[in-house]
Amino acid sequence: MSLEAGQDKQPGSRPEPLATAVGKTPATATVSDDLRAASFRTTDLSLGFGQRTILNNITVEIKRGGITALIGATGSGKTTLLRTFNRMNDKVSGYRHTGDVLLDDVSIWDSRVDLMSLRRRVGMLFQRPNPFPMSILDNVVSGVKAHRMASRSGMRAIAEQRLAEVGLWDAVSERLKDSPFRLSGGQQQLLCLARALAIDPEVLLLDEPTSSLDPVATASIEALIKKLVPKITVVIVTHNLAQAVRVSDQTMFLNKGRLVEAGPTKQIFEDPAQDETAQYVSGHFG
Amino acid sequence: MTSSASMLKPAGGAGASPLPPRVSDWLRASLRDGSVIRWTGAAGALIPVAALVFILIILGVKAWPAIGYNGWGFFTGRVWSIGNLYGNPTSSGGVEHLPGAQFGALPSIIGTLGSSAIALVVAVPVSLGTALVIVERLPRGLSSIVGAFLELLAGLPSVVIGLWGGVTFGPFIARDVTPFIARNMPNVPVLNYFRGEVGNGQGMLTSGLVLALMVTPIIAATTRDLIRQVPILPREGAIALGMSEFETARKVTLPWVGGGVIGAVVLGLGRALGETMAVAMTCGAALGSVPTNIYGTMTTIAATVVQTVDGAFQDGTGFALRSLAELCLVLMVITLATNILARLLVRRVSGTALPVGRGL
C-alpha cells in the first residue's frame, strides 16, 4: 500500500524500459479481414481508486485473434486491467485513469462509444459461475434479449446452438426450464460461457474462469477457450502458471501495477528478458 | 461452585442446610443437560401459535350467535344499525337483540379491499424503486440517512398521518389534483371509476394514498435488506453482458429476492388491511356507503369497528358487540387468506428458477 502510494506521487516517472508487445506482433496483419476478432491496445494507461494506484503506465497490445494470459501475483493489477477492457471499473468509487485503451483504434472512453454496445463486443467470464435467477434457457439468451439480437421465436434455436457449442446441450436439453442452480459448478460455468458467446463477442475476457472448478471441468473450459480463437480474441487472467502455458500464445507479466514483460508465452516461460519474470515463472516469488 | 454439589452427596450431612443447595443443584443440573433451554424454547415457540388460535376461538365464540342471526346477509347487506336503543329487546331464533338491528358488512369489506389495493398499487413500485436506489445508487452516507428516514416514517403514529391526510392532504388533492383527473379520464371500463364527483377529499383515494405512505417504508426497508444480500457476481454478470442498470435490477436483482419481496408486500398488505386510525380519519366515515367512484366516501372494517364500538357498548343485549366480533373475524380471515396465498405464491416462484434457499 505504502509503496503504491509512493508511486502515486510521481505519476510521470516511468519504470524501467519495458519489453512490451507493441511492435513485436505483426500477427495482426496475418489475420484475414473476415474474422471479427477485435484487439485492444493500451497507451500509457495508469489507473487507480482514490489514493491507491493500481496500474502504472501500461502500454501493451493484445494480440488479435490470440489467447493472451495475464499473470502476476495477487495485487499485481491483472484483474483490474482485465476489467478496464469492458469498463467494469468505471463505477467503482474513486475511480480515475490517465492514458487510453483502444479497441480497434477507437478509445473505449470515446463519447461516441455506447457502453452497452462495448460490452456486447467484449464479453466476460468470472471467477465463479454466476447464473441469473431464471431458467437455463433464459440464462443463455438473456444477453440476446437485452440487445434485441433475435426474434422471440429464434431464442430457442440460439440457446440450443450455444449450449451445443459448449458441450452442455446433452446434459440440459431435457431441463431447459429448470433452475441453473441445480447444475454442477462446472456446468454452471459452461452455461455462463454459452451466455457470453450468445451475443457474438469480438473479445472474451476471462477472470480466472476455472479457479473454482475441478480438474475435469477445467480441462473442458480450456479446450473450449482454444476453440474460440482466432474468431474471438481471448484475454485470460490466471493464477495458474501451468494453465497459462497450456492455453495461451501470448503472456503478459504484471507486478505491482507495472507491466514487467510481455511476449510469446514460450519466450516468457523459457527465456524471459527480465529477472523478475524469471523469478515469478520459476516459482521463486512472493 | 462444585463444593455445594459435593456437600450434598454425603448422606445426612449434619451441618448443611438441605433446601437451598438442593434448588440450586437442580437448576444447575437442568441447565447443564439443556432441559431449561428446551422447555423455555418450546414455550416461547408455542406462545405465538397459541395466541393466534386463542384469538380466533374467542372471536368465533363471541361472534357465533351473530353469525347465526345475520346469516349470509352479513356479506350482502349495506346497513349497519344496532337497532332502537330504547325499544324492548326482541329475540329471534333464541338470539336477543334490539328491535330493528341490522348488520351488513358489504361496504366495510369493499372499502377495506379497495383502499388496500390502491395502497399496494402505489406503494409496491415506489418501494422497490426506493430500495434499489438506496442499495445501488446512493453513496454510502446518503443511503444510510435515507434509510434512517424510511425507518422513522415507518414508526410515525398512524393518528399523526391520519390527521395530516384528513386535514391537509385530502383537501389538497380534492382541490388541485383529482378534478383534473376526473375530467380527463376516458369513459371506459375500470378507468371510469376515476370519473365523476371528486368530493371534499375524504374518501377511498385519500385513504388508499395515506395507506400507501404507511406501507411504503415497511416494504421498502424489507426489500432494501433483501437486496443487500444479493451477491455482486450475478449483478456484475448482467452488467458485463451489456444490460442497463434497470434491466439488471429487473432481470437479476429483484428475481433473486423475488420470494422475499412477496413476503414484504404481504407485510405491508397486512398493515393496510388492518390500519384503523388513519383510515377512519380520511375515509369520510360513511357507514353503509359503497363508493361509486374512487373518490367516494366509504368505510373499512377497522374504521367501522372503531366508529361503532362506543354505541355497541350501549346495546344491553350485547348483540352489537357480537356483530363487531363477526366483522373482526372477517378481517382476520381476509388477512390470513392473503398471507397463505402469498406463501403459496412464494413457493411457486422459488420452485422454478430461483436459487434454492436465499443464502447463495
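Read top to bottom, the protein sequences are chains A and B. The numbering of the first sequence is this note's numbering, which starts it at 250 and goes up by one. The numbering of the second sequence is this note's numbering, which starts it at 151 and goes up by one. Note that CB positions come from ideal geometry on N, CA and C, so glycine has one too.
(message) Only counting the same chain, and skipping five residues up and downstream in sequence, which positions put a Cβ closer than 8 Å to that of Gly237 (chain B)?
(response) Cβ-Cβ distances below 8 Å link Gly237 (chain B) to Leu248, Pro249, Gly250 in the same chain, with the five nearest sequence neighbours on each side left out; the list follows chain order.
(request) Report yes if the C-beta distance between Phe478 (chain B) and Ile444 (chain B) is below 9 Å; otherwise report no. (result) With the sequence shown as reference, residue 478 (chain B) is identified as Cys, and Phe is not the correct amino acid for it. Cβ atoms of Cys478 (chain B) and Ile444 (chain B): not closer than 9 Å.
(request) Give the interface partners of Ala142 (chain B) over in chain A, defined as CB-CB distance under 9 Å, in chain order. (result) Because chain B spans 151 through 510 in this model, residue 142 (chain B) falls outside it and cannot be assessed.
(request) Quick one: measure Cβ to Cβ for Ala370 (chain B) and Leu300 (chain B), integer angstroms, because I've assumed they're closer than 8 Å. (result) Correct: roughly 6 Å between the Cβ atoms.
(request) Find the nearest neighbour of Lys394 (chain A) within the set A:Leu351, A:Asp449, A:Thr328, A:Leu374, judged by alpha-carbon distance. (result) The alpha carbon of Lys394 (chain A) has as its nearest neighbour, out of A:Leu351, A:Asp449, A:Thr328, A:Leu374, the alpha carbon of A:Asp449.
(request) Starting from the Cα of Glu403 (chain B), find the closest Cα among B:Leu177, B:Glu286, B:Ala453 and give me that residue. (result) Note that residue 403 (chain B) corresponds to Thr in the displayed sequence, not to Glu. Taking the Cα of Thr403 (chain B) as reference, the smallest distance to any Cα among B:Leu177, B:Glu286, B:Ala453 is reached at B:Glu286.
(message) Among the candidates B:Leu471, B:Gln252, B:Val245, whose CA atom is the shortest distance from the CA of Gly233 (chain B)?
(response) That would be B:Gln252, whose Cα lies nearest to the Cα of Gly233 (chain B).
(message) Measuring alpha carbon to alpha carbon, tell me which residue in A:Glu414, A:Thr329, A:Cys441, A:Ser384 is nearest Thr302 (chain A).
(response) Taking only the C-alpha atoms, the option nearest Thr302 (chain A) is A:Thr329.
(request) Note the first and the last residue of the continuous beta strand (DSSP E) segment covering Asp349 (chain A). (result) For Asp349 (chain A), the enclosing beta strand (DSSP E) begins and ends at 344 to 352.
(request) Say whether chain B places a C-beta atom closer than 9 Å to the C-beta of Gln376 (chain A). (result) Residue-level contact by beta carbon holds for Gln376 (chain A) and chain B, with a gap shorter than 9 Å.
(request) List the endpoints of the continuous beta strand (DSSP E) containing Asp183 (chain B). (result) For Asp183 (chain B), there is no enclosing beta strand (DSSP E), as DSSP marks it with neither H nor E.
(request) Select from the segment 393 to 420 of chain B all residues with a C-beta closer than 7 Å to any C-beta belonging to chain A, and list them in chain order. (result) Residues are counted here when their Cβ sits less than 7 Å from a Cβ of chain A; for the segment 393 to 420 of chain B these are Met393, Ser394, Glu397, Lys401, Val402, Pro405, Trp406, given in chain order.
(message) Quick check on this structure: which residue in A:Ser295, A:Gln410, A:Gly416, A:Pro378 has the alpha carbon closest to the alpha carbon of Glu457 (chain A)?
(response) Relative to Glu457 (chain A), the option among A:Ser295, A:Gln410, A:Gly416, A:Pro378 whose CA is nearest is A:Pro378.
(message) Rounding to the nearest angstrom, what Cα-Cα distance links Tyr529 (chain A) and Leu462 (chain A) in this structure?
(response) CA-CA distance, Tyr529 (chain A) to Leu462 (chain A), rounds to 24 Å.
(request) Work out the CA separation of Ile385 (chain A) and Leu425 (chain A) for me, nearest whole Å. (result) Spanning the two alpha carbons is a distance of roughly 5 Å.
(message) Which of the three DSSP states is assigned to Ser295 (chain A) in this structure?
(response) Annotated three-state conformation of Ser295 (chain A) is strand, per DSSP.
(request) Could you work out which residue in A:Ser400, A:Val496, A:Arg507 is closest to Ile316 (chain A) when comparing CA atoms only? (result) The residue with the shortest Cα to Cα distance from Ile316 (chain A) is A:Val496.
(message) Which same chain residues end up closer than 6 Å to Gly410 (chain B) when comparing Cβ atoms and leaving out the 5 residues on each side of it in sequence?
(response) Apart from sequence neighbours up to five positions away, the residues of its chain that approach Gly410 (chain B) with a beta-carbon distance below 6 Å are Leu376, ordered along the chain.
(message) Starting from Gly387 (chain B), trace the alpha helix (DSSP H) in both directions and tell me its first and last residue.
(response) Following the DSSP letters along the chain, one finds Gly387 (chain B) inside the alpha helix (DSSP H) bounded by residues 382 to 390.
(request) Reducing DSSP to helix, strand and coil, say where Glu471 (chain A) ends up. (result) It is helical.
(request) Report yes or no: is there a C-beta of chain A within less than 9 Å of the C-beta of Leu391 (chain B)? (result) Chain A contact via Cβ: present.
(message) Measuring straight from C-alpha to C-alpha, what distance separates Met431 (chain B) and Ser439 (chain B)?
(response) If I take the Cα positions, the gap works out to 16 Å.
(message) Less than 9 Å between the beta carbons of Ser469 (chain A) and Gly434 (chain A), yes or no?
(response) With contacts defined by Cβ atoms closer than 9 Å, Ser469 (chain A) and Gly434 (chain A) do not form a contacting pair.
(message) Suppose contacts are defined by Cβ-Cβ distances below 9 Å. Is Thr454 (chain B) in contact with Ala255 (chain B) by that definition?
(response) It is a contact, given that the beta carbons lie within the stated cut-off.
(request) For the beta strand (DSSP E) containing Asn305 (chain A), list its first residue and its last residue. (result) Its beta strand (DSSP E) spans residues 301 to 310.
(request) Determine the direct distance from the alpha carbon of Leu455 (chain A) to that of Thr526 (chain A), and round the result to whole angstroms. (result) Those two C-alpha atoms are separated by around 22 Å.
(request) Would you give the residue range spanned by the alpha helix (DSSP H) that Leu386 (chain A) belongs to? (result) Its alpha helix (DSSP H) spans residues 385 to 395.
(message) When you compare the CB of Phe298 (chain A) with every CB in chain B, is at least one pair closer than 9 Å?
(response) Phe298 (chain A) does not count as touching chain B.
(message) Can you tell me whether Ile320 (chain A) is buried or exposed? The criterion is at least 16 other CB atoms within 10 Å of its CB, across all chains shown.
(response) In summary, Ile320 (chain A) is buried, with 16 or more beta-carbon neighbours lying within 10 Å of its beta-carbon over all protein chains present.
(request) Consult DSSP for Thr514 (chain A) and reduce its assignment to one of helix, strand or coil. (result) The DSSP-derived three-state label of Thr514 (chain A) is helix.
(request) Would you verify that the beta carbon of Asn335 (chain A) is, or is not, closer than 9 Å to some beta carbon of chain B? (result) True, the Cβ-Cβ gap to chain B drops below 9 Å.
(request) May I ask you to verify whether the segment 377 to 393 of chain B touches the segment 362 to 369 of chain A, counting CB pairs closer than 8 Å and requiring at least 3? (result) Under the 8 Å Cβ criterion, the segment 377 to 393 of chain B counts as touching the segment 362 to 369 of chain A, having at least three qualifying pairs.
(request) Sort B:Arg172, B:Leu202, B:Val274, B:Ile217 by Cα distance to Arg374 (chain B) and report the nearest one. (result) Across the set B:Arg172, B:Leu202, B:Val274, B:Ile217, the C-alpha of B:Val274 shows the shortest separation from the C-alpha of Arg374 (chain B).
(message) Below 7 Å on C-beta distance, what does Glu246 (chain B) contact in chain A?
(response) Taking a Cβ-Cβ threshold of 7 Å, none of the residues of chain A is close to Glu246 (chain B); the smallest such distance is about 59 Å.
(message) Extract the residue ranges of the alpha helix (DSSP H) inside the segment 394 to 441 of chain A, only unbroken runs of 4 or more that lie entirely within it.
(response) Entirely contained in the segment 394 to 441 of chain A, the alpha helix (DSSP H) runs reaching 4 residues are, in chain order, 404 to 414, 418 to 421.
(request) State the DSSP-derived secondary structure class of Asp524 (chain A), mapped to helix, strand or coil. (result) Taken through DSSP and simplified to helix, strand or coil, Asp524 (chain A) comes out as helix.
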